[in-house]
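Below is one structure, written out as structure tokens; comments come after it.
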Ligand code: 5AD
């Protein structure tokens, strides 16, 4: 095995240098990937047992002011049907999710200015009041620090904002000039300081991505130490400028997931929908590579097919209950159990949790 020593050192020291990460991603073999997965799965099992946390996603608007070159709901896509859920519809998605056992709701949308801070805070407060035992996770993009603070004060607990790529030049090749890595990272620092459990992450195999870019991602994750990390393969969407670029590699995505588990042993790491889309048994493979979260869809069925960030997205035709059963079955087959409960981040390696859960 070519990179056994590097993988073991990453696990022991919870870091590698940028040059070492680059070496690993440029030269890894299938045996390396499988070895990293075995270590990562053992690491997750030692902390979480055979439990996989479930989070219900509500995709409440596909309007977006941004024009990211990879994303199907980019502003420039004139061919999709735009929708936004009403406050009552968002709330009933959560009610339905609660009945199904979910205790974390993820509210995700494009950057839609219809949901101004006042309106959005009202929705958060309503969900917070109705479901005091649930975690509220937001995934609504780049906002001002004041807005993040207002959402937090209204009752949100967690925030997902992938950094997408930690290399500023590569970031500029994936996004229009209005967006910058510097601002994205500032948002992540703001979220962390306000007190959110904070999620970063990246796509694997985006156009022009090189091993050194993934190395920068791993160095960033190792330094920022987010509580949650979302990693998925890039998958082209036919109505975007990246339509003709190939999808990211599943084995490489799995290796990134495993190495993330090894350097951030306590982190919440979803086996993403994109991974499940790129490979039939993708989410099971993710869990076997160290993932400990799955995120089924709670959005209304009639709008599901309008929230396509990439082609062939998994689960557009499944009722929430149905996709939950399917996932439970997939997890059961590999010896895991989907659990309900908030599933907060707890730093299981350093005795305390940095005040995250107080
Ligand atoms: N392929 C894979 N993932 C994508 N995302 C957006 N577009 C794509 C795509 N074409 C991811 C981004 C974003 C998250 C919500 O979805 O990483 O942060």
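In the numbering used here, the protein residues as written are 8 to 365. Virtual Cβ for every residue (Gly too), placed ideally from N, Cα, C. As the structure is a prediction and not an experimental result, all values here were calculated from the model.
_Closer than 6 angstroms: residues whose CB approaches a heavy atom of ligand 1_ = 77, 78, 169, 171, 210, 239, 241, 242, 244, 281, 316 and 317
*Output the boundary residues of the alpha helix (DSSP H) element that contains residue 29.*
25-34
*Could you check how far apart the C-beta atoms of residue 90 and residue 313 are, in whole angstroms? I think they sit under 8 angstroms.*
5 angstroms
*Other residues of its chain near residue 123: CB distance less than 7 angstroms, five sequence neighbours each side excluded*: Counting only Cβ-Cβ distances below 7 angstroms, and skipping sequence neighbours, we find nothing.
*Relative to the C-alpha of residue 231, which residue among 246, 198, 108 and 64 is closest?*
198
*Could you give the distance in angstroms between the alpha-carbon of residue 157 and the alpha-carbon of residue 134?*
15 angstroms
_Exposure label - residue 121; buried when at least 16 CB within 10 Å_ = Classification of residue 121: exposed, given that the 10 Å Cβ count is below 16.
*Does DSSP put residue 80 in a helix, a strand or coil?*
Three-state DSSP puts residue 80 in coil, outside helix and strand.
*Would you kindly check if the distance between the Cβ of residue 47 and the Cβ of residue 268 is under 8 angstroms?*
yes
*Take residue 92 and list the residues in its own chain whose beta-carbon comes closer than 6 angstroms to its own, dropping the five residues that flank it on each side.*
67
_Sequence-distant residues of its chain with Cβ nearer than 7 angstroms to residue 215 (five each side left out)_ = 177 and 180
*Between the Cα of residue 394 and those of 32, 162, 246 and 144, spot the shortest distance and give me the residue it belongs to.*
Nothing in the structure corresponds to residue 394, since the chain is present only between 8 and 365.
*When 95, 38, 55 and 29 are compared against residue 345, the one with the closest alpha-carbon*: 55
*Strand pairing of residue 142, partner residues [DSSP]*: 111
_Helix, strand or coil for residue 348? Go by DSSP, reduced to three states._
Residue 348: coil per DSSP, three-state reduction.
*asked:* Suppose you measure from the CA of residue 114 to the CA of residue 147; what does that come to, to the nearest Å?
replied: Within the model, the alpha-carbon separation for residue 114 versus residue 147 is close to 7 angstroms.
_Which of the three DSSP states is assigned to residue 331 in this structure?_
helix
_Where residue 8 falls, given that 16 or more other Cβ within 10 Å makes a residue buried_ = So residue 8 ends up on the exposed side.
*Whole-angstrom distance between residue 340 and residue 168, CA atom to CA atom*: If I take the Cα positions, the gap works out to 32 angstroms.
_So, with DSSP's three-state summary, where would you put residue 116?_
strand
*Is it true that the CB of residue 83 sits closer than 8 angstroms to the CB of residue 315?*
No, Cβ-Cβ distance for residue 315 and residue 83 is not below 8 angstroms.
*DSSP state of residue 247 mapped onto helix, strand, coil*: Residue 247 sits in coil when the DSSP states are folded into three classes, being neither helix nor strand.
*State buried or exposed for residue 193, treating a residue as buried only when at least 16 other CB atoms are found within 10 Å of its CB.*
Residue 193 comes out exposed.
_What does the alpha-carbon distance come out to for the pair residue 272 and residue 223?_
19 angstroms
_Between the CA atoms of residue 233 and residue 97 - distance to the nearest angstrom_ = 27 angstroms
*Excluding sequence positions up to five away, which residues of its chain have a Cβ less than 6 angstroms from the Cβ of residue 88?*
313
*Buried/exposed call for residue 24, threshold 16 Cβ in 10 Å*: By the Cβ neighbour-count rule, residue 24 is exposed, with fewer than 16 other Cβ atoms within 10 Å of its own.
*Any chance you could list the alpha helix (DSSP H) runs of at least 4 consecutive residues sitting entirely within the segment 173-213, in chain order?*
Segments of the alpha helix (DSSP H) lying fully in the segment 173-213: 175-181 and 188-201.
*Cβ distance (whole Å) where residue 243 is taken to contact residue 252 below 8 angstroms*: 5 angstroms
*Distance, Cα to Cα, residue 141 vs residue 160?*
Their backbone Cα atoms lie some 15 angstroms apart in a straight line.
*Helix, strand or coil: how does DSSP classify residue 56 here?*
coil
*Can you grab the Cα-Cα spacing for the pair residue 45 / residue 208, in whole Å?*
22 angstroms
_C-beta atoms of residue 59 and residue 257 nearer than 8 angstroms_ = no
*Uninterrupted alpha helix (DSSP H) stretches inside the segment 254-295 (no shorter than 4 residues)*: List check, alpha helix (DSSP H) in window: 257-270, 280-285 and 289-294.
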